[in-house]
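When you line the sequence shown up against the UniProt record's numbering, it's residues 1 to 299, in that order. Ideal placement from N, C-alpha and C gives every residue a C-beta, glycine not left out. Here is the structure we will look at, set down as structure tokens.
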Amino acid sequence: MAGNGTSKPAAPAPAPAAAPPKVFDKPWRNTPWGGRDQLLEDLKAYVPRNPGIEHVRILLSGPIGAGKSSFINSINNVFQNKMTMKAQVDSAMADKSFTTTYTTHKIENRKTGSYYPFVFNDVMGFEKPNGKGVHEDDLKKALTGHVKEGHKFNPSHSLTEGDLGYNKSPSPSDRAHCLVNLIPADKIALMDDEVIKKMRAIRLVASDLGIPQVVILTRVDIACPLVKENLRNMYLSKYIKEMMEKCSIKLGVPVNCIFPVRNYHEEIELDEDMDVLLFRALKQMVDFGDDFLKEMEQS
């Protein structure tokens with residue numbers, strides 16, 4: 001009461017509203033956790049349906065730091081059953097592409113000494129400002145097989161027909177049979193508009209050529225603590241689903257062609273759950289590429 005020097009205690013503040021759950025009640029995409037060995041055997045048994053082409057050529061592109069070379073190494077790790085360094089990487093070069101030469105990376109069959117019928121080509125990353133990173137026209141030429149093995153990319157000068165690195169008469173095996181864009185999940189919102197514009201332009205060229213496309217979402221463990229804690233939370237995480245949907249909108253690729261993975265980068269032993277995600281992504285690339293090979297045979 002007033003006049004006695006006392007005041008009525010303030011009513012307790014209402015409890016804050018509970019934050020919406022960050023996870024789905026159940027995984028929104030089925031994943032064969034525990035099925036690593038079967039996925040591996042399926043990939044090892046793959047034979048191109050087009051007898052005139054020796055392998056599916058998978059062309060990797062994306063912004064710098066997306067993990068293109070690390071993805072190649074990760075795939076090689078699981079086929080060799082050990083840690084490898086097939087494609088050179090440099091963790092210190094965060095703002096500059098480490099890959100400068102057009103190189104075909106093959107996966108060795110350790111039992112036979114031959115190679116599996118799918119190969120990877122890693123190109124310079126997209127960089128800003130203009131004049132740095134892979135030239136848009138060079139990536140278009142790589143799609144059609146006009147870039148020779150060992151060609152060193154020049155960001156300021158597109159490959160022309162008179163250059164030594166220009167392949168005048170590419171064979172069907174020289175062409176790209178699947179285009180894969182790698183996007184870092186923790187940097188999707190920060191991606192430069194010019195880089196996105198370049199990636200969409202390349203995607204449209206690939207579409208005109210009938211080349212199938214896949215998107216790989218990397219650095220998922222950095223983007224989402226829930227996934228870092230346990231990879232099996234991948235398709236329970238609402239954040240990862242949101243990033244995949246953003247990626248779909250930015251690039252125009254449907255969500256069912258987007259695969260989140262965790263590349264090997266700090267591990268010294270293989271991890272079965274990491275391998276399952278990598279194999280699921282690779283199988284989609286090989287399946288899409290094989291469909292394209294069959295279409296080439298029929299055309």
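- In this structure, D221 lies away from R36, with their beta-carbon atoms at least 8 Å apart.
- If you draw a straight line from the Cα of M191 to the Cα of F126, it is about 11 Å long.
- By DSSP's assignment, V147 forms a beta bridge with Y166.
- Just so you know, the alpha carbons of R57 and S69 end up roughly 15 Å apart.
- For the pair I188 and E272, the Cα-to-Cα distance works out to about 27 Å.
- For R36, the enclosing alpha helix (DSSP H) starts and ends at R36 to K44.
- Between the alpha carbons of V23 and K141 lies a gap of roughly 43 Å.
- When C-beta atoms of the segment 279-299 are compared with those of the segment 45-59, three or more pairs fall below 8 Å, so the two segments count as touching.
- Under the DSSP definition of a beta bridge, D122 partners with L60 and T103.
- Its chain contains S61, V123 and I202 as the residues whose beta carbon lies nearer than 7 Å to that of L139, once the 5 sequence neighbours on both sides are disregarded; these appear in chain order.
- Under the 8 Å Cβ criterion, the segment 220-236 does not count as touching the segment 71-78, having fewer than three qualifying pairs.
- As far as DSSP is concerned, N77 takes part in no beta bridge.
- Rounded to whole angstroms, the gap between the alpha carbons of E267 and G34 is 19 Å.
- Contact check between the segment 159-169 and the segment 177-187: fewer than three CB pairs, one atom from each, fall below 8 Å, which does not count as touching.
- The DSSP-derived three-state label of F288 is helix.
- A straight line joining the alpha-carbon of L270 with that of N81 spans about 7 Å.
- Cα atoms of V255 and E41: separation of roughly 26 Å, rounded to the nearest angstrom.
- The beta carbon of S114 is closer than 8 Å to those of E108 in its chain, skipping five residues each way along the sequence.
- Within the same chain, V147 and H151 come within 6 Å of Y102 by CB-CB distance, once the 5 residues on both sides are set aside.
- When beta bridges are read from the DSSP output, E108 appears opposite Y115.
- V215: member of the beta strand (DSSP E) spanning Q213 to T218, first to last residue.
- Per DSSP, the continuous beta strand (DSSP E) segment holding L182 begins and ends at C178 to P184.
- Short of 6 Å from the beta carbon of S173, and not among the five residues preceding or following it, lie these beta carbons of its own chain, in chain order: I53 and E54.
- Bridge partners of S237 according to DSSP: V23.
- A distance of 8 Å or more separates the beta carbons of W28 and Y239.
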